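All remarks here apply to the structure that follows.
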Amino acid sequence: MHAVEMKGIVKRFADLVASDHVDFNLEKGEIHALLGENGAGKTTLMRILYGLYTADEGQIIINEKPVVIHSPKDAIKNGIGMVTQHFTLVPTLTVAENMVLGETAGITLNLPALEKKVAEASEKFGIPVKPQALIKHLSVGERQRVEILKALYHDANVLILDEPTAVLVPQEVDMLFEALTRLQKSGLSVIFISHHLNEVMQICQKVTVLRDGKLAGTVNVADTNLKELANMMVGRENFGVKRQGQRERGNLELKIENICASDKKGLPALKDVSLDVHQGEILGLAGVSGNGQTELSAVLCGMHKITSGKIFAGDVDLSHATTSDVCAAGVGRIPEDRHANMVGELSVAENLILDQMNNFVKNGIMDYAKIQKNAEELIKSFNIKASAGDRVRTLSGGNMQKVMLARTLSQNPRIVIASQPTRGLDVGATDYVRTVLLEQRDRGAAVLLLSEDLEEIMALSDRIAVIYGGRIMGILPAHEATAEKLGLMMAGSAA
Amino acid sequence: MDSVLFIVGLIAAMLRVATPLIYGTLGELFSERAGVLNLGIEGTMFLGAFTGFAVAATTGSLWLGLLGAILAGILAGLLMSLLSVRLGVNQHVAGLGITLLATGISLFAFRVIFGESKVPPSIESFPMLQILPDTNPLAPITNQYLLTFIGIALIPLVWWIISKTRFGLQIRAVGENPEAADAAGLNVYAIRTRALAIGGALMAVGGAFLTLAQLGSFTFGIVAGRGWVCIALIIFANWHAVNVLWGALIFGGVQALQLRLQTQGIKLPYELFLSLPYVVTIIALTIAGRNASAPSALLKAYRRE
């Protein structure tokens, strides 16, 4: 029997068709994966089921009855719960308060009674949460548990999880899978949105693959394999960029010695961090988000002060450098937040010279002919799908990142600091960015890659360091690093 | 004896000056905790002052005047909601627009109803309560307008509503993370609209206090920037109802003090004294405002993608 049937779902955003006549069937008591690349329409389809979007066409049938879902309220009434990628919890409220947010009965809140009910539900479903804790004090994994319990608390019998493992360390993933398997046995149906093939194979019984908003097919996990799923997902045979072979590493280029720094709230964010990056190598820095990567990248870019320690680029002391000192020392930066490092209202050509304006000035005025020529060359060599005069804010994420790469790498930096360089990009653009980073390594640059994507770190790095709680937990050469070892270090145990 | 008289008078005046600020700031508190900066406050207070006066003058009933002011305030709040919540207009623009509109309409309607006269029309205003006999030296402090006592009583009530009731939880949720509230099945628009309506009503009562209780007449400069002071006080109060009292009392106290200092014959330009409450407000803000944390969704119109 179908728990959910979605028939011929169409959703348009302006001229983009995000969901193009998609059919989706969920059996009672199964874990069903919804697989696809970024932008394939997985989340859109599920946001329609949860009432966050309204479909332009199509029908939703729940327990054999056609239903109309206009808002999450309708979805919850129909027994559907969703844990979205960005958690929908109010940070300043407690766990119990978040749980009962959607209820409307009664004027006053009897908090002790609510907390008791939440504790009972936590017990019943086997999902440990602390009812009185404020959400802002919880870790990402704990927040996710609150989200799941929230859905179950509201009697969900269909649970939608949108990329639930993206924010978890491997051990937390195991815990999640354990809980899901247990809940499945008690009759819960789960829709598991993911682009990680391994996870899908591990926990799901059925897979529906979406590509470019269209249904690519639905298969039983037992009847398929990784390769077939990958093909269905990207529609081509080969994908993925990988570092080839060992290289002899060159001279020490970037030396970070025992640096400490505080975060914006003044709490210690980096504790005694030391790293060496040599010419012709990629040093990967792995870690779950929020463990000091943002601060480290900001420090290396000259945007954040250190409280102690030293930073050298070759012989140049950059310990207390400004951003222009950093540029002048030959450090190329691919920052974490590309939107914050480009001016959306300015053109591609203007953004391409933003950090080297002095090279494009003639007699005190901007040399627009030279700027234009520079832009045309870079657009060609970095394969940017835009023209020089386009405003940057109109570009897709992938093209924006290419502009960023072109600006930074066209200056042939000795050192490249790349922070989350493929975050939010689709597979094609991701491959491109990774290829470019490997080219930089082969050219002899010292590359420091900060990424939360463990696969990316393992595919590109010659050596892998792990950061946890602002400390370097250890550094492993690539051939010794396994996902398991790194996962343990990312969860805070020393190598 | 003189100094006792001076202090008693000072405290009595402080409570009077603080009253409209308490109402206005509590009104703004509802709006801002729900995620909407309502810069319509100055105009809404002015509208409340005018409507209260006009209704009281034409019907002869002060209580009907107060009710009229409340309704006008609710309307102003609903207009703010229409613009900034439903239509997603920038909150600064919508709020300032409402201040201009409400002020303009009030002035226009005042001329239509009362014409242009040399002596401003006046009404018999609310009497002060006689709690202690006039012979008691503390009488000036205790014998205040009923609205002052209601205003002070509202502070714990608003605290209770915001922190202990379901409606309060909903207000905090839509002010901190409207996406979460929406996903939980709450109607973000409806909750913000209700908060703005309540806020508008409170602001209007603050304005009406001036015409119906304190002055008994309506003049063009009657609100005189009190709405903007409330905007500052709410930052001073760090968006907590209880702190609103301290903020309003500090401002009221300095205002009462400067009026008295002006009559002490000190050889300084009187403008210096006039500016004193504002200078103190700025100093208090720079001290208290450093640790202020506004509701996260303040100024952000909520839109489902």
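Chains B and V supply the protein sequences, listed in that same order. Numbered per our numbering, the first sequence spans residues 1 to 495. Numbered per our numbering, the second sequence spans residues 496 to 800. Glycine residues also receive a C-beta, built at the ideal position from the N, C-alpha and C atoms. As the structure is a computational prediction, the values presented were derived from the model and not from experiment.
One alpha carbon belongs to Ile645 of chain V, the other to Ile657 of chain V, and they sit about 18 angstroms apart. At least one CB of chain B lies nearer than 8 angstroms to the CB of Lys659 of chain V. V:Ile517 is the residue among V:Ile517, V:Lys795 and V:Val499 whose C-alpha sits nearest the C-alpha of Pro651 of chain V.
The three-state reading of DSSP puts Val67 of chain B in strand, counting E and B together.
Residues of chain B whose Cβ lies closer than 8 angstroms to the Cβ of Asn672 of chain V are, in chain order, Thr88, Leu89, Val90 and Pro91. A distance of 8 angstroms or more separates the beta carbons of Gly572 of chain V and Cys725 of chain V.
Against Pro72 of chain B, the close residues of chain V are Asp677, Ala678, Ala679, Gly680 and Leu681, in the order they occur along the chain (beta-carbon pairs closer than 9 angstroms).
A distance below 6 angstroms between beta-carbons, with the five flanking residues on each side excluded, links Asp677 of chain V to the following residues of its chain, in chain order: Val683. Leu300 of chain B counts as buried, since at least 16 other C-beta atoms from the protein chains shown sit within 10 angstroms of its C-beta. Within 8 angstroms of the CB of Arg667 of chain V, the CB atoms of chain B belong to Val90, Thr92 and Leu93, in sequence order along the chain.
With the rule of 3 Cβ pairs closer than 8 angstroms, the segment 431-449 of chain B does not count as touching the segment 205-215 of chain B. Boundaries of the beta strand (DSSP E) harbouring His278 of chain B: Pro268 to His278, taken from the DSSP string.
Within the segment 48-63 of chain B, the residues whose Cβ lies closer than 8 angstroms to any Cβ of chain V are, in chain order, Tyr50, Leu52 and Tyr53. For Arg799 of chain V, at least one C-beta of chain B is nearer than 8 angstroms to its own C-beta. By the neighbour-count criterion, in which 16 or more other beta carbons inside 10 Å mark a residue as buried, Gly583 of chain V falls on the exposed side.
Under the DSSP assignment, Thr598 of chain V falls outside any beta strand (DSSP E), being part of the alpha helix (DSSP H) whose first and last residues are Gln586 to Phe609. Taking the CA atoms as reference points, Arg581 of chain V sits about 19 angstroms from Arg667 of chain V. Inter-segment contact for the segment 702-714 of chain V and the segment 732-739 of chain V is absent: fewer than three beta-carbon pairs are separated by less than 8 angstroms.
In this structure the segment 42-58 of chain B lies against the segment 2-18 of chain B, because at least three pairs of beta carbons, one per stretch, are closer than 8 angstroms.
Across the set B:Gly39, B:Leu52 and B:Met490, the C-alpha of B:Gly39 shows the shortest separation from the C-alpha of His195 of chain B. Residues Pro268, Ala269 and Thr307 of the same chain have their beta carbon placed closer than 7 angstroms to that of Ser262 of chain B, with the five preceding and five following residues left out of the count. Leu486 of chain B and Arg471 of chain B have their C-alpha atoms spaced approximately 14 angstroms apart. A residue is called buried once 16 or more other Cβ atoms fall within 10 Å of its Cβ, and Arg785 of chain V, having fewer, is exposed. Here DSSP, grouped into helix, strand and coil, assigns Asn220 of chain B to strand. Taking a Cβ-Cβ threshold of 9 angstroms, none of the residues of chain V is close to Glu456 of chain B; the smallest such distance is about 27 angstroms. For Arg145 of chain B, the CB contacts under 6 angstroms within the same chain, skipping 5 residues up- and downstream, are Ile127 and Val129 in chain order.
For Leu652 of chain V, no Cβ of chain B is located within less than 8 angstroms of the residue's own Cβ. A Cβ-Cβ distance of about 17 angstroms is found for the pair Ala18 of chain B and Met82 of chain B, leaving them out of contact under the 8 angstroms criterion. For Ile107 of chain B, the chain V residues whose Cβ falls inside 8 angstroms of its Cβ are Thr660, Arg661 and Phe662, in order along the chain. For Ile76 of chain B, the neighbours in chain V by C-beta distance under 9 angstroms run, in chain order, Ala679 and Gly680. DSSP places Met175 of chain B inside the alpha helix (DSSP H), whose first and last residues are Pro170 to Lys185. Within the segment 9-45 of chain B, the complete beta strand (DSSP E) runs of at least 3 residues fall at 16-27 and 31-35. Beta-bridge annotation (DSSP): Ile282 of chain B is paired with B:Val447. Counting along the chain, the unbroken beta strand (DSSP E) around Asn258 of chain B starts and ends at Leu252 to Ser262. When 9 angstroms is used as the limit between beta carbons, Thr394 of chain B is near no residue of chain V, the shortest such separation being about 18 angstroms.
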